[in-house]
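See below for the structure under consideration.
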Amino acid sequence: MPKQRPEPLDDDMAERPSKSQLKREMHALQALGETLIAMQPAERARFPLSDDMLRAIDETARIRSHEGRRRHMQYVGKLIRKEDLAAIQAVFDNIEQEKQQRDHAFHRLEKWRDRLIDEGDPAVEQWLNEHPDTDLQTLRQLIRNARRERDQDKPPTSARKLFKFLRNTAEL
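Note that the working numbering has the sequence shown beginning at 3, numbered continuously upward.
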């Protein structure tokens, strides 16, 4: 006869998360702490972190032993429970949105670079309409060099220079 689990005595016990769920949540918070530790100090400054949390993050750099680092990461996970997780997530979302906007702008510039190399003067005129402060002589020279490299199957050094020139002109 199979064992039967006893019924929960009260409603509080029935609504409590399982021990496995609690462990998953603690591991997720610990991973969040590891992400914050891996960031540069300038990026980390954007987050609303307590002084205790900032001290624990700074202290991580001193720890060399594997076991000591593992215990310290558990401590960081414990401290992060006291932080404002909604505000931290909002900053992460903001960073992700900025990254997506930057990636989108870079893709647009890559398309412009390809158009300028492929189409030539009509694309140059459209570029100049959008960016009238462009140095036309440098732009044409970079396009010419990029075409020559492409036709000779050489590495795209001038195409990279053209991309950097477009990025600087568009101020991205």
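Note that beta-carbon positions come from the ideal geometry of N, C-alpha and C, so glycine has one too.
Practice item. Could you round the C-beta distance between Val-126 and Leu-144 to whole angstroms and report it? I think they count as a contact, below 8 Å. Key: So it is not a contact: roughly 11 Å between Cβ atoms.
Exercise for review: Answer yes if the region 44 to 59 comes into contact with the region 112 to 129, meaning at least three C-beta pairs across the two stretches below 8 Å, and no otherwise.
Suggested key: Contact check between the region 112 to 129 and the region 44 to 59: fewer than three CB pairs, one atom from each, fall below 8 Å, which does not count as touching.
Exercise for review: Return the residue from the list Asp-153, Asp-105, Ile-119, Leu-31 that minimises the CA-CA distance to Ile-90.
Suggested key: Scanning Asp-153, Asp-105, Ile-119, Leu-31 for the CA closest to the CA of Ile-90 turns up Leu-31.
Check your understanding: What's the gap between the Cα of Arg-48 and the Cα of His-133?
Key -> Taking the straight line from one Cα to the other gives about 33 Å.
Check your understanding: What is the rounded straight-line gap between the Cα of Arg-66 and the Cα of Arg-169?
Key -> If you take the alpha carbons of Arg-66 and Arg-169, they lie about 42 Å apart.
Practice item. Classify Ala-161 as buried or exposed, calling it buried when 16 or more other Cβ atoms lie within 10 Å of its own Cβ. Key: So Ala-161 ends up on the buried side.
Practice item. Look up Leu-51 in the DSSP assignment and say whether it is helix, strand or coil. Key: Secondary structure at Leu-51: coil, using DSSP grouped into helix, strand and coil.
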